[in-house]
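K.L.:
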Amino acid sequence: MTNPRALSTLPNLNDAERAHGERVAARLRERLALAGGWLGFADFMQLALYEPGLGYYSAGSEKFGAAGDFVTAPEMSPLFGRCLARQCAQVLQHTGGDLLEFGAGSGALAMTLLTELSQLGVLPSSYRILEVSADLQQRQRARLAELPDVLRARVEWLDRWPAQPMHGVIIANEVLDAMPVERFVLRTDAGHRLESLGVAVAASGQLIDSLRPAPPLLAAAVERAVGSLPQALPAGYQGEICLPLPAWLAGVAACLEQGVALLIDYGLPRAHLYHPDRASGTLQCHFRHRAHSDPLRHVGLQDITAWVDFTAVAEAADSAGLEPLGFVTQAAFLIGCGMENVLAAATSERERLAQAGEARRLMMPGEMGEAFKVMALGRGYEHALRGFAWQDLRGSL
Ligand SMILES: C[S@@+](CC[C@H](N)C(=O)[O-])C[C@H]1O[C@@H](n2cnc3c(N)ncnc32)[C@H](O)[C@@H]1O
Numbered sequence: 141m142t143n144p145r146a147l148s149t150l151p152n153l154n155d156a157e158r159a160h161g162e163r164v165a166a167r168l169r170e171r172l173a174l175a176g177g178w179l180g181f182a183d184f185m186q187l188a189l190y191e192p193g194l195g196y197y198s199a200g201s202e203k204f205g206a207a208g209d210f211v212t213a214p215e216m217s218p219l220f221g222r223c224l225a226r227q228c229a230q231v232l233q234h235t236g237g238d239l240l241e242f243g244a245g246s247g248a249l250a251m252t253l254l255t256e257l258s259q260l261g262v263l264p265s266s267y268r269i270l271e272v273s274a275d276l277q278q279r280q281r282a283r284l285a286e287l288p289d290v291l292r293a294r295v296e297w298l299d300r301w302p303a304q305p306m307h308g309v310i311i312a313n314e315v316l317d318a319m320p321v322e323r324f325v326l327r328t329d330a331g332h333r334l335e336s337l338g339v340a341v342a343a344s345g346q347l348i349d350s351l352r353p354a355p356p357l358l359a360a361a362v363e364r365a366v367g368s369l370p371q372a373l374p375a376g377y378q379g380e381i382c383l384p385l386p387a388w389l390a391g392v393a394a395c396l397e398q399g400v401a402l403l404i405d406y407g408l409p410r411a412h413l414y415h416p417d418r419a420s421g422t423l424q425c426h427f428r429h430r431a432h433s434d435p436l437r438h439v440g441l442q443d444i445t446a447w448v449d450f451t452a453v454a455e456a457a458d459s460a461g462l463e464p465l466g467f468v469t470q471a472a473f474l475i476g477c478g479m480e481n482v483l484a485a486a487t488s489e490r491e492r493l494a495q496a497g498e499a500r501r502l503m504m505p506g507e508m509g510e511a512f513k514v515m516a517l518g519r520g521y522e523h524a525l526r527g528f529a530w531q532d533l534r535g536s537l
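Going by the numbering used here, the sequence shown opens with residue 141, and the numbers climb by one from there.
Given below as structure tokens:
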């Protein structure tokens with residue numbers, strides 16, 4: 141997502157949005173009642189984003205692009221997918237096989253990748269999409285129906301992880317940041333060392349933040365994450381942790397027999413993520429291009445995300461048998477993939493100017509260039525990866 145305006149006042153909801161928000165809140169109250177009045181944040185986030193027919197990603201609102209709430213790199217410019225295609229082509233030339241995209245959003249990246257890979261003459265045998273949102277899957281089908289038949293025929297949607305291990309490339313752009321996280325607060329000066337920041341309902345019916353002693357699973361995971369930091373975190377420090385991450389990476393490892401997984405997201409090495417300078421964590425909500433930090437507003441109508449702990453990704457990948465092959469900023473990745481050559485192929489002055497602006501947004505440090513990182517995880521792949529030739533940040537993990 142690009143850097144949206146940070147704003148405390150949000151645009152008003154229309155009648156349909158207000159009615160939808162009330163349905164989501166009613167479901168949440170039901171769930172809270174069943175759970176004894178308190179939900180951990182990850183359960184809340186799972187419902188707010190993915191509850192069938194209600195959650196932000198599962199209901200029908202426009203999410204991506206100018207008419208939605210945020211802009212991702214593939215939505216901003218095909219330049220992103222055209223560069224990424226060059227990295228995919230390099231891997232596919234060695235491995236053959238398939239391309240599997242997790243969380244394909246509107247289908248914009250699949251559209252660009254297939255078109256570009258066809259022009260590069262290195263098409264995957266199939267382009268598989270694993271998408272948790274039934275609504276987005278419908279949108280992807282409609283969008284990709286615009287492809288020429290010869291490309292469209294290669295696209296298939298999976299409703300579960302592939303049964304057979306694959307050769308080829310796995311891609312996840314801004315998927316890890318959309319996985320449910322737990323929120324925690326460190327109490328280094330009190331009896332409860334760690335608290336879990338969840339959600340409860342006030343007597344007025346209003347959803348409210350609510351602290352409970354952290355359950356053992358969360359406490360152990362946070363202890364593992366923050367216990368080895370080079371700097372102590374202050375009492376009151378608040379952060380997030382993604383507990384499903386290791387299982388997801390174990391799934392990636394289980395389905396990749398030979399090839400490379402490319403994970404692209406905003407995030408940091410652990411020592412920078414859990415840092416006294418970020419004492420309120422990194423949770424952000426997006427509603428119509430406004431960013432704010434209150435997940436209890438507009439529940440079901442806004443996106444909720446948290447920055448990725450790339451050290452956790454590398455550790456989980458390593459435990460699952462995948463090798464971290466590279467870790468770079470998005471800017472370095474796009475340069476390594478040949479952004480300069482892609483730009484040089486513009487056929488008119490108008491196109492050249494438009495693309496120069498798009499490339500700046502993808503690559504400038506204040507935009508998506510530095511906050512976004514690209515991590516390559518491999519198995520049975522021994523060739524240098526072009527997107528990782530310009531930088532090597534693995535030492536920071
Ligand atoms: C922020 S959007 C990014 C969409 C798209 N990749 C892009 O860059 O425009 C997150 C996407 O990941 C999907 N998603 C979240 N968790 C997922 C999971 N565990 N498996 C597959 N898709 C997932 C969401 O439904 C959504 O399509």
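Positions of the beta carbon are idealized from the N, C-alpha and C atoms, including for glycine.
From a predicted model like this one, the values you see are computed outputs, not experimental measurements.
(1) What is the rounded straight-line gap between the Cα of G367 and the Cα of A361?
(2) Ligand 1 and T252: does the residue's C-beta get closer than 6 Å to at least one heavy atom of that ligand?
(3) Go to Q495, then tell me how far its alpha helix (DSSP H) extends in each direction, as first and last residue.
(4) Using a threshold of 6 Å, is the CB atom of T422 nearer than that to any non-hydrogen atom of ligand 1?
(5) Return the residue from the list Q304, P218, S265 and L253 that minimises the CA-CA distance to T235.
(6) Determine, using beta carbons only, whether D317 and D209 come nearer to each other than 7 Å.
(7) Taking three-plus beta-carbon pairs below 8 Å as touching, is the stretch 218-229 in contact with the stretch 468-479?
(8) Within its chain, find whatever has a CB closer than 8 Å to the CB of G193; leave out the 5 residues flanking it on each side and keep chain order.
(9) Determine the DSSP secondary structure at Y414, reduced to helix, strand or coil.
(10) To the nearest angstrom, report how far apart V321 and A485 are at their CA atoms.
(11) Would you call E256 buried or exposed, if buried means 16 or more other Cβ atoms sit within 10 Å of its Cβ?
(12) Can you tell me whether DSSP reads G461 as helix, strand or coil?
(13) Mind checking whether the beta-carbon of V448 lies closer than 6 Å to any heavy atom of ligand 1?
(14) Could you tell me how far apart the beta carbons of A419 and P370 are, in whole angstroms, since I believe they sit closer than 8 Å?
(15) Rounded to whole angstroms, how far is the Cβ of G399 from the Cβ of G308, which I believe are closer than 8 Å?
(16) Reducing DSSP to helix, strand and coil, say where N481 ends up.
(17) Suppose you measure from the CA of R145 to the CA of H429; what does that come to, to the nearest Å?
(18) For a test of your reading of the model: does the CB of V315 fall under 6 Å from any non-hydrogen atom of ligand 1? Yes or no.
(19) On the three-state DSSP scale, how would you describe Y196?
(20) Report yes or no: do the stretch 157-174 and the stretch 435-444 share at least 3 C-beta pairs separated by less than 8 Å?
(21) Going by beta carbon distance, what residues of the same chain come within less than 6 Å of A156, once the five residues before and after it are set aside?
(22) Contact defined as beta carbons within less than 8 Å: I believe R526 pairs with C477. What is the distance between those atoms, to the nearest angstrom?
(23) Can you give the Cα-Cα distance for V392 and L298, rounded to whole angstroms?
(24) For L174, which residues does DSSP report across the bridge?
(25) With hydrogens ignored, establish whether the beta-carbon of F478 is closer than 6 Å to any heavy atom of ligand 1.
(26) State buried or exposed for L147, treating a residue as buried only when at least 16 other CB atoms are found within 10 Å of its CB.
(27) For A457, count neighbouring Cβ atoms within 10 angstroms of its own Cβ and tell me buried if that reaches 16, exposed if not.
(28) Hey, C395 and P305 are a contact pair by Cβ (cut 8 Å); roughly how many whole angstroms apart?
(29) Quick one: using the 10 Å Cβ neighbour count with 16 as the cut-off for buried, is L172 buried or exposed?
(30) Could you pull the start and end residues of the beta strand (DSSP E) that F528 belongs to?
(31) What does the Cβ neighbour count give for G461, buried or exposed, with the cut at 16 atoms within 10 Å?
(32) Run through DSSP, which three-state label would A146 get?
(33) R292 to L260, Cα distance in whole Å?
(34) Can you tell me where the alpha helix (DSSP H) holding D275 begins and where it ends?
(35) Short of 6 Å in beta carbon distance, which residues of its chain neighbour D449, apart from the five on each side in sequence? Order them along the chain.
P.N.:
On the basis of the supplied data:
(1) 10 Å
(2) no
(3) E489 to M503
(4) no
(5) S265
(6) no
(7) yes
(8) A199
(9) coil
(10) 42 Å
(11) buried
(12) coil
(13) no
(14) Not a contact, Cβ separation roughly 16 Å.
(15) 5 Å
(16) helix
(17) Because the pLDDT of R145 is 45, which lies under 50, any placement of that residue in the model is unreliable, and the number read from its coordinates should be weighed accordingly. Their backbone Cα atoms lie some 7 Å apart in a straight line.
(18) yes
(19) coil
(20) yes
(21) none
(22) 6 Å
(23) 14 Å
(24) For L174, which the question treats as bridged, DSSP gives no partner whatsoever.
(25) Residue 478 is actually Gly in this sequence, not Phe. Not so, every heavy atom of ligand 1 lies at least 6 Å from the Cβ.
(26) Any reading at L147 must be qualified, since the residue scores a pLDDT of 47, below 50, and its modelled position is unreliable; no value is offered.
(27) buried
(28) 6 Å
(29) buried
(30) Looking at the DSSP string, F528 is not in any beta strand (DSSP E), and its letter there is neither H nor E.
(31) exposed
(32) Reliability fails at A146, whose pLDDT of 47 lies under 50, so the model's placement of it is uncertain and the value that follows must be treated cautiously. If DSSP states are grouped into helix, strand and coil, A146 belongs with the strands.
(33) 17 Å
(34) A274 to L284
(35) R410 and L413
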